[in-house]
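Following: one structure in structure tokens, then a few remarks.
Numbering (this note's numbering), first residue to last: 30 to 360.
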């Protein structure tokens, strides 16, 4: 970053202004950091092919440098220059891109080791967001972009949250309002097309991929060595400062009973207990969309001792939602 000031610019969600995109692309091309919206969460972007720029991402986030980053592209031609494609990857790209699907593939040497966390594979996706696509296209380079938050904290679904975490650490934030999905992309490893692995559930239901390919995707628990290939899987993630407790149909432990009137509840159904704060979502999709912002809201109140998060159904985006709640509750 070139100075201690972070600029935040409002940009049209559907028709991003070319002059703002040009300003952001100039920062990317000069080795700076730009936070930008995607359909999943806000990303913190740098030129993926510039190792010094990529290092700034890790510094700004306080992120372990062995945690790989996702490359964001704006067209299919870029992909051939970055990774070794197989037929499975090609048909998945045609079907699900742009969208919340990240593919892990064998990387070409053009991608610095800093970007791929020292691995021989890299995660890559095409975001379904006009601002993101315009920025990548104008920059004329793939953009490495994890979520634009301090490492371990809930991912940002709006620009104000980015500013709260990143002010003074990055150059620019592009603000197009709230994102569409609210949790990160689904990550699958297709580097071996005969053994497709689910590394991280997310915004795209895994059933859709399985139905399309007519194959069973292997759970990451059956091959833990592959977990290192995905962002957001090796460290405590998505967690507010307040402890998160997984809630089934009742309080999981009697020791929490005395704290009900100091705690918050989020979920799909009204709880049996009288919590201090209760936030009900009318669908699993809305629960996923509102999870991180709910964590941030209760964190900001400074009056909540615990957050009880109802365990959602595990189909569709619900599997990604389960993953985020479980990781937030670790420890």
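Yeah, the Cβ is synthetic: ideal placement off N, Cα and C, and Gly gets one too.
Going along the chain, which residues of its own chain have a beta-carbon closer than 8 Å to the beta-carbon of residue 43, five neighbours each way excluded?
159
For residue 299, which residues in the same chain have their Cβ closer than 8 Å to its Cβ, ignoring the five residues on either side in sequence?
307, 309, listed in sequence order.
How would you label residue 85, buried or exposed, when you count the other beta carbons within 10 angstroms and need 16 or more for buried?
buried
For the alpha helix (DSSP H) that residue 48 lies in, which residues bound it at each end?
47-58
Grouping DSSP H, G and I as helix and E and B as strand, with all else coil, what is residue 331?
When secondary structure is reduced to three states using DSSP, residue 331 falls in the coil class, being assigned neither helix nor strand.
Per-residue burial, residue 238 [other beta carbons within 10 Å of its own, 16 or more giving buried]:
buried
Return the CA-CA distance between residue 206 and residue 38, expressed in angstroms with no decimal places.
For residue 206 and residue 38, the distance between alpha carbons rounds to 11 Å.
Please classify residue 72: is it buried, with 16 or more other beta-carbons within 10 angstroms of its beta-carbon, or exposed?
buried
Can you list, in chain order, the residues of its chain with a C-beta nearer than 8 Å to that of residue 51? Leave out the 5 residues immediately preceding and following it.
Sequence-distant Cβ neighbours of residue 51 in its own chain, meaning closer than 8 Å and more than five residues away, are 167.
Tell me the rounded alpha-carbon separation between residue 171 and residue 136.
13 Å
Nearest residue (CA-CA) to residue 324, options 346, 348, 358, 312
358
Rounded straight-line distance, which links the Cα of residue 163 to that of residue 45
8 Å
I'd like the list of long-range same chain contacts for residue 248, defined as Cβ closer than 7 Å, with 5 residues on each side in sequence excluded.
227
For residue 179, which residues in the same chain have their Cβ closer than 7 Å to its Cβ, ignoring the five residues on either side in sequence?
90, 91, 194
Since residue 112 contacts residue 151 with CB under 8 Å, what's their CB separation in whole angstroms?
6 Å
What number of angstroms, rounded off, separates the C-alpha of residue 219 from the C-alpha of residue 273?
33 Å
With 16 as the cutoff for other CB atoms within 10 Å, does residue 312 come out buried or exposed?
With fewer than 16 other CB atoms across the displayed protein chains lying within 10 angstroms of its CB, residue 312 is exposed.
Count the other CB atoms within 10 Å of the CB of residue 147; is the residue buried (16 or more) or exposed (fewer)?
exposed
Residue ranges of each alpha helix (DSSP H) within the stretch 153-178, 4 or longer:
159-168
Three-way DSSP call (helix, strand, coil) for residue 66 in this model:
strand
Cutoff 7 Å; reference residue 252; Cβ partners in own chain excluding five residues on either side
For residue 252, the predicted structure reports a pLDDT of 49, less than 50, and the residue's modelled location is therefore unreliable. A value from the coordinates is still provided. So the list reads 226, once near-sequence residues are dropped.
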